[in-house]
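One structure is given below, encoded as structure tokens.
2 protein chains.
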Amino acid sequence: MAAIDTASLFADVEPASSRRLLQAALDAFAARGYRATTTRDIARRAGLSPAGVYVHFGSKADLLGAISRVGHDTILRMSEQAIAQGEDPGDRLSRFVRTFAAWHAAHHGVARVIQYELRELTPAAFEEARERRRRFDEIVQAELRRGNETGVFAVADVAGTALAILSLCIDVARWYGTAPRRSPAAIGDLYADLVLRMVRSGGELDEDA
Amino acid sequence: MAAIDTASLFADVEPASSRRLLQAALDAFAARGYRATTTRDIARRAGLSPAGVYVHFGSKADLLGAISRVGHDTILRMSEQAIAQGEDPGDRLSRFVRTFAAWHAAHHGVARVIQYELRELTPAAFEEARERRRRFDEIVQAELRRGNETGVFAVADVAGTALAILSLCIDVARWYGTAPRRSPAAIGDLYADLVLRMVRSGGELDEDA
DNA sequence: GTCTATAACCAGATAGAC
DNA sequence: GTCTATCTGGTTATAGAC
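Respectively, the protein sequence lines represent chains W and Y. For the first sequence, the residue numbers in the working numbering are 1 to 209. For the second sequence, the residue numbers in the working numbering are 1 to 209.
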């Protein structure tokens, strides 16, 4: 099972001031929201003067855009690696859900920013995010169709079920930290179990149940 | 099946200016977020001058608090009515999910405000919201336990599964309007089906599946 | 690259006339 | 209850010295 990446998202960003600014912006956006965060907050957290931000980034929105790009790329890459390790559709979907859900718990800070601040992105950055997000939908839909074909899944509404699966995992970022704490891995395991129950064959409900 | 309430949340608020301000604030908060909304936006949408807001409400936060109270009360009442109409745990949980999920689609504006602007509430309003929100958790957990007792459900992790069920439905408010449009009722039906698959007995997975 | 100082603007909220 | 006018303070971003 793939371990959850614990290194900072920005570990290889140079120079150090840019890296500290990205981390400071991420922390502030996650804690208080993009709009409620001031560039002074970010500068202070990064140990710079208010003007220091603009040496490294053109605007507050640029910082958000950079976080969005790195965040989306990271979870997309992790998801693709996780699913590639599975053999059959059940195994592959299960690995995807475990990784995707656990990431939203372990990295609920970044996750909150990339999932809930989309409307604050510039049009260009929004389009960039939208492209990557479509990939997640394609990944899950493809796996559901494959499972339907081999007969291990019985998913009547592939698009709706894929949306529900992603939605379930994404929302972890919202509640994580408020509900009684569970480890990201425990959430991943629980969710993989729940999702497999939702999709596999033999689970059709009677109409009058 | 209970029809989704389509009347305005604030239909019986008097005077008319207060009602218009609440609706204006709701529309603005839903569309652009609480922090990105100015009191001038709200006043203009309500057909008042910027100062007109403060005749009826003490602050922008008061408007949010009022929306949160009415929103939480509305969906809580609808949920309790829906579940009361069911006979057995499967039926009751199914009715709850249909109503709760469909409401988050049909009223994704209010839903977004009450689900994603919690941190903007005053401490008093936050506590009020938290009490009501605990009720949803109790409702679902109680039904899961009842189903376990009668043997129709086989839920190993009641707290975690209840959280997942609520989470799945709440997240409808986030994506509704971005994904290809489905009717709120269709979402309610799909989600009730998915949730029943998740919880009922006979659905346990092999460890090495 | 970093700082201090500041420009230019916009926010929430209030005063006081009508 | 509603308005116009305004107060007060905070916001993003820039200028220019070091």
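Idealized CB from N, CA, C, for every residue including glycine. These numbers come from a predicted model, not from an experiment.
Query, Result
"Between V53 of chain W and H104 of chain W, what straight-line distance do the alpha-carbon atoms span, to the nearest angstrom?", "28 Å"
"Which residues share a DSSP beta bridge with R200 of chain Y?", "Y:F153"
"What residues in the stretch 148-172 of chain W have a beta carbon less than 8 Å from any beta carbon of chain Y?", "D157, A159, G160, T161, L163, A164, S167, L168, I170, D171, V172"
"Using three-state DSSP, classify H107 of chain Y as helix, strand or coil.", "coil"
"What does the alpha-carbon distance come out to for the pair S49 of chain Y and A43 of chain Y?", "6 Å"
"Against G86 of chain Y, what residues of chain W qualify as contacts under a CB-to-CB distance less than 9 Å, listed in chain order?", "Correct list: empty, because the minimum Cβ distance to chain W is about 12 Å."
"I need the straight-line Cα distance from D62 of chain W to G65 of chain Y, nearest angstrom please.", "32 Å"
"Could you compute how far the alpha carbon of A2 of chain W sits from the alpha carbon of Q81 of chain W?", "Only weak support exists for where A2 of chain W lies, its pLDDT of 48 falling under 50; the coordinates are left without a value."
"Comparing the C-beta of R197 of chain W with each C-beta of chain Y, is any distance below 8 Å?", "yes"
"Identify, in the order they occur along the chain, each residue of the same chain with its Cβ nearer than 7 Å to the Cβ of S8 of chain W, setting aside the five sequence neighbours on each side.", "Q23"
"Between which residues of its own chain and A25 of chain W is the CB-CB distance below 6 Å, once the five residues before and five after are set aside?", "I42, L63"
"Given 8 Å as the limit, is there contact between the stretch 160-173 of chain Y and the stretch 163-182 of chain W, that is, 3 or more CB pairs closer than that?", "yes"
"Residues of the stretch 25-39 of chain Y with a CB closer than 7 Å to any CB of chain W: list them in chain order, please.", "G33, R35, A36"
"Indicate whether the contact test is met: 3 or more Cβ pairs, each with one atom in the stretch 191-201 of chain W and one in the stretch 74-91 of chain Y, closer than 8 Å.", "no"
"Could you give the first and the last residue of the continuous alpha helix (DSSP H) run that contains D27 of chain W?", "16-32"
"Taking the straight line between their C-alpha atoms, what separation do you get for R19 of chain W and I67 of chain W?", "11 Å"
"Can you give me, in chain order, the residues of the stretch 172-183 of chain W that have a beta carbon less than 8 Å from any beta carbon in chain Y?", "V172, R174, W175, A179, P180, R182"
"Taking the alpha-carbon positions, what's the D137 of chain W to G109 of chain Y distance?", "24 Å"
"Which class does R182 of chain W belong to by DSSP, given the choice of helix, strand or coil?", "coil"
"Determine the DSSP secondary structure at F57 of chain Y, reduced to helix, strand or coil.", "coil"
"Out of curiosity, what's the CA-to-CA distance linking G151 of chain Y and A31 of chain Y?", "45 Å"
"So with CB distances below 9 Å, who are the chain W contacts of L64 of chain Y?", "None at all; the shortest Cβ gap to chain W is about 13 Å."
"Kindly indicate if chain Y contains any beta-carbon less than 8 Å away from that of D73 of chain W.", "no"
"Nearest chain W C-beta to G203 of chain Y closer than 8 Å, yes or no?", "yes"
"Is any heavy atom of the ligand COA found at a distance shorter than 7 Å from the C-beta of D157 of chain Y?", "Within the structure as shown, the ligand COA is missing, as the structure has no ligands at all."
"Distance cutoff 8 Å, beta carbons only. Does Y54 of chain W sit that close to anything in chain Y?", "no"
"Determine the DSSP secondary structure at D171 of chain Y, reduced to helix, strand or coil.", "coil"
"Among the candidates W:R112, W:L194, W:H72, whose CA atom is the shortest distance from the CA of E128 of chain W?", "W:H72"
"Note down, in chain order, all residues in the stretch 90-105 of chain Y with a beta-carbon under 7 Å from any beta-carbon belonging to chain W.", "G90"
"For R146 of chain Y, which residues from the same chain have a beta carbon less than 6 Å from its beta carbon, with the 5 sequence-adjacent residues on both sides left out?", "P89"
"Between F57 of chain W and V113 of chain W, which are expected to be in contact by the criterion C-beta below 8 Å, what is the C-beta distance as a whole number of angstroms?", "So it is not a contact: roughly 15 Å between Cβ atoms."
"Is S94 of chain Y helix, strand or coil by DSSP?", "helix"
"Let me know if A209 of chain W comes out buried or exposed under the rule of 16 or more other beta-carbons within 10 Å of its beta-carbon.", "Only weak support is given to the placement of A209 of chain W: the predicted model assigns it a pLDDT of 44, under 50, and the value that follows is read from those uncertain coordinates. Exposed, by the Cβ-count rule."
"Using the rule of at least 16 other Cβ atoms within 10 Å of the residue's Cβ for burial, across every protein chain shown, is A125 of chain W buried or exposed?", "buried"
"For E120 of chain W, I'd like the list of residues in its chain whose CB is within less than 8 Å of its CB, leaving aside the five on either flank, ordered along the chain.", "Y34, R35, A61, L64"
"Report all residues from its chain with a CB closer than 6 Å to the CB of A11 of chain Y; omit the five preceding and five following residues, and keep chain order.", "none"
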